[in-house]
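Reading through the structure tokens given below for one structure.
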Amino acid sequence: MADKLRASEQGLKIVKEARRKKRWTQEKWRQAAFTSISTLKRFLKGERIDRDTFINICEVVGVKWEEVAEPSEIQETDLPVVSVASTTPSLEDQINVLPLQPIDAYSKNQRGIWIPNLRCRKVWGRESFSEDVLHRLNDPQEAPILSLCGSAGYGKTEVACKVAMAAVRNNLFADVLWVKARDTEFSDGKISQSARDEALSWNQLLQEIAHQLDGCSVKRVHQRIKEEKRLIVLDNAETAQLEEILPKLNEMLNPSRVLLTSRFQTNASYVGLINIPPLEENSSYQLLQDEAKYKNVPAILQANTEQLQQVYHLSCGAPLALHFIVGRVFDDGTLEPVLSALEQAGGDVEKIYEFSLKTAWQRISNVTKNVLRYMGNSDAGVTWEELSGARQVQESDWIVTRRELGRWYLIEKETDAKGKPRYNLHPWVRRSLRGGLVDKWQLSLQEWEQIAKWKYDID
Ligand SMILES: Nc1ncnc2c1ncn2[C@@H]1O[C@H](COP(=O)(O)OP(=O)(O)OP(=O)(O)O)[C@@H](O)[C@H]1O
Ligand SMILES: [Mg+2]
Numbered sequence: 340m341a342d343k344l345r346a347s348e349q350g351l352k353i354v355k356e357a358r359r360k361k362r363w364t365q366e367k368w369r370q371a372a373f374t375s376i377s378t379l380k381r382f383l384k385g386e387r388i389d390r391d392t393f394i395n396i397c398e399v400v401g402v403k404w405e406e407v408a409e410p411s412e413i414q415e416t417d418l419p420v421v422s423v424a425s426t427t428p429s430l431e432d433q434i435n436v437l438p439l440q441p442i443d444a445y446s447k448n449q450r451g452i453w454i455p456n457l458r459c460r461k462v463w464g465r466e467s468f469s470e471d472v473l474h475r476l477n478d479p480q481e482a483p484i485l486s487l488c489g490s491a492g493y494g495k496t497e498v499a500c501k502v503a504m505a506a507v508r509n510n511l512f513a514d515v516l517w518v519k520a521r522d523t524e525f526s527d528g529k530i531s532q533s534a535r536d537e538a539l540s541w542n543q544l545l546q547e548i549a550h551q552l553d554g555c556s557v558k559r560v561h562q563r564i565k566e567e568k569r570l571i572v573l574d575n576a577e578t579a580q581l582e583e584i585l586p587k588l589n590e591m592l593n594p595s596r597v598l599l600t601s602r603f604q605t606n607a608s609y610v611g612l613i614n615i616p617p618l619e620e621n622s623s624y625q626l627l628q629d630e631a632k633y634k635n636v637p638a639i640l641q642a643n644t645e646q647l648q649q650v651y652h653l654s655c656g657a658p659l660a661l662h663f664i665v666g667r668v669f670d671d672g673t674l675e676p677v678l679s680a681l682e683q684a685g686g687d688v689e690k691i692y693e694f695s696l697k698t699a700w701q702r703i704s705n706v707t708k709n710v711l712r713y714m715g716n717s718d719a720g721v722t723w724e725e726l727s728g729a730r731q732v733q734e735s736d737w738i739v740t741r742r743e744l745g746r747w748y749l750i751e752k753e754t755d756a757k758g759k760p761r762y763n764l765h766p767w768v769r770r771s772l773r774g775g776l777v778d779k780w781q782l783s784l785q786e787w788e789q790i791a792k793w794k795y796d797i798d
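Rendered as structure tokens:
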């Protein structure tokens, strides 16, 4: 995937027209896209700029970046499937293609608008698995509720997004409704009591479904779910009151279906379990190479097969762990110390996450810590305006902070229903902040010395 993009002549006409309608000055546009005037000017001259910034500049002014970018620079995997009557793409093709990003949420009637954006740049190695999940959801012999289970960070939510997009594209379901229960807070391997108390109730779920069904009344939900085949995704189902929800949902299903993502297994007879496997070795290498290229991390790009194998085994094939490892190697500039540190985690992903966050926390600036703490206490993603109002974060600091958080893979970018960028934390990072884990992490003198040695070659 290209890490830089430039606008085509035609694309520039489209954005200029969109900007004219908004009556935006360059300054206003720059602020909305969190970029500098010089980058915006380079964009307007049709020069190559950073891919994420390019997408931001287009999104905030309300146009699709794919229509603006020079076509020869967009790789095939970036493009949405365009239905052509005579050549319907195969199910596999449809699953492999990334969704439009963001889904155009301006039109209320558009199908699939409740499916969140993918948060990674490409979902590696989940093609046949996603295809299998979709087939099972569509199989009348299967249980009406399927639960995608597995530990944190194995990619359950990303697979569910891919499956949901393909379900709509392939016309297997009339639409997808997507409800996210609370982000999970674990303590000592269990969901914390406070999270249990606030777990999503049946009534809350019904209200959310009613809202997504064009705001129909709660009383009509049953009928609406029965009359058309819809897919309901309940993400983070471990923090929903499933004992009450599942039997009631089950009564409404057929033809509609439910897909849960959950860290726990559920044993009701009408729930089919699907365990998410670790990424395969090759897909992990592809993920590592791609991220390392994108971020320019020579220590990974030049790693030998043995080192890559070691990274794979130590990461347990969990995509979140692989991302954290890239962030850490990027900062250290070398692979070996990261590998030795990872060995201490002994194959426990939660320990890898903790170790990664701890290192990041000790190396990020105080402004960034301040922003992270604020984000940890908010249940949804935050916007720049919110941060600047609530935490008085200066715009120049925010640019640095955003870069810092992105470098360590601590934030995920989302786009809200109006196309506005929001920044969110992975559930694991959020719970660590909330649980006060980060407060224990003062860097010892010995650790400082180690870092200086790796980074600056000081003895
Ligand atoms: N196949 C993949 N290729 C590249 N990145 C991935 C892949 N799967 C997941 N990711 C990335 O890894 C991180 C963890 O994925 P995700 O949030 O889907 O995990 P999860 O199993 O839903 O975790 P949780 O139980 O905490 O909700 C995310 O940043 C996601 O974008
Ligand atoms: Mg998830």
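Under the numbering used here, the first residue of the sequence shown carries the number 340, and numbering increases by one thereafter.
C-beta atoms are modelled at their ideal positions from N, C-alpha and C, and glycine is treated no differently.
| Query | Result |
| --- | --- |
| Cβ-Cβ distance between Ser469 and Val502 below 8 Å | yes |
| Spatial distance of Ile452 from Trp517 (CA atoms) | 9 Å |
| Met504 versus Leu573 - alpha carbon distance | 15 Å |
| Integer Cβ distance of Val665 from Asp671, believed to fall under 8 Å | With 8 Å as the limit, Val665 and Asp671 do not qualify as a contact, their Cβ atoms being about 11 Å apart. |
| Separation of Val739 from Lys519, as counted between CA atoms | 30 Å |
| Spatial distance of Pro410 from Gly715 (CA atoms) | 39 Å |
| Supposed contact pair Lys343 and Ile388 - C-beta distance, whole angstroms, cut 8 Å | 6 Å |
| Any heavy atom of ligand 2 nearer than 7 Å to the CB - residues listed | Lys495, Thr496, Asp574, Asn575, Thr600, Pro766 |
| Where Ala357 falls: helix, strand or coil (DSSP) | helix |
| Proximal residues to Pro483 (C-beta, below 7 Å), its chain only, five neighbours per side dropped | Asn589, Leu592, Asn593, Arg596, Val597, Tyr609 |
| Proximity below 8 Å, CB of Val402 to CB of Ala372 | no |
| Buried or exposed (CB count within 10 angstroms, at least 16 for buried), Glu630 | buried |
| Nearest to Asp514 (by Cα), restricted to the options Arg702, Cys459, Ile548 | Ile548 |
| Arg741 Cβ short of 7 Å to ligand 1 heavy atom set | no |
| Span of the beta strand (DSSP E) around Pro760 | 760-764 |
| Element boundaries [beta strand (DSSP E), containing Trp821] | Given that the chain is displayed from residue 340 to residue 798, the structure contains no residue 821 and the question cannot be resolved. |
| C-beta contact flag for Ile613 and Leu487 at 8 Å | yes |
| Ligand 1 heavy atom lying under 7 Å from the CB of Val462 | yes |
| Chain C within 8 Å of Glu566, Cβ atoms only | Although the question refers to chain C, the structure presented lacks it and comprises just one protein chain. |
| Enclosing beta strand (DSSP E) for Cys488 [first to last residue] | 484-488 |
| beta-carbon Pro658 near ligand 1 non-hydrogen atom, thresh 7 Å | yes |
| Start and end residues, beta strand (DSSP E) containing Ser601 | 596-601 |
| Residues of its chain near Thr496, where Cβ-Cβ distance is below 6 Å and the 5 sequence neighbours each way are ignored | Asp574, Thr600 |
| Inter-stretch contact at 8 Å, needing at least 3 Cβ pairs: the stretch 717-725 / the stretch 683-695 | no |
| Alpha-carbon spacing of Asn643 relative to Leu661, whole angstroms | 16 Å |
| Inter-residue spacing [alpha-carbon to alpha-carbon] between Ile639 and Trp767 | 25 Å |
| Straight-line gap, Ala506 to Asn705 (C-alpha atoms, nearest Å) | 44 Å |
| Contact under 8 Å by Cβ, Glu753 with Asn510 | no |
| Gly611 - containing beta strand (DSSP E), residue span | 610-614 |
| Burial state of Gln808 (16 or more Cβ within 10 Å) | Residue numbering for the chain in the displayed model covers 340 to 798; residue 808 lies beyond these limits and cannot be assessed. |
| Own chain, CB closer than 7 Å to Trp541, minus 5 neighbours either side, in chain order | Gln580, Glu583, Ile584, Lys587 |
| Gln365 versus Ile376 - alpha carbon distance | 7 Å |
| Leu681 versus Leu653: straight-line alpha-carbon distance, rounded | 6 Å |
| For Val572, three-class secondary structure by DSSP | strand |
| Contact test: Arg358 Cβ vs ligand 1 heavy atom, cutoff 7 Å | no |
| Segment limits, beta strand (DSSP E) that includes Thr754 | 750-754 |
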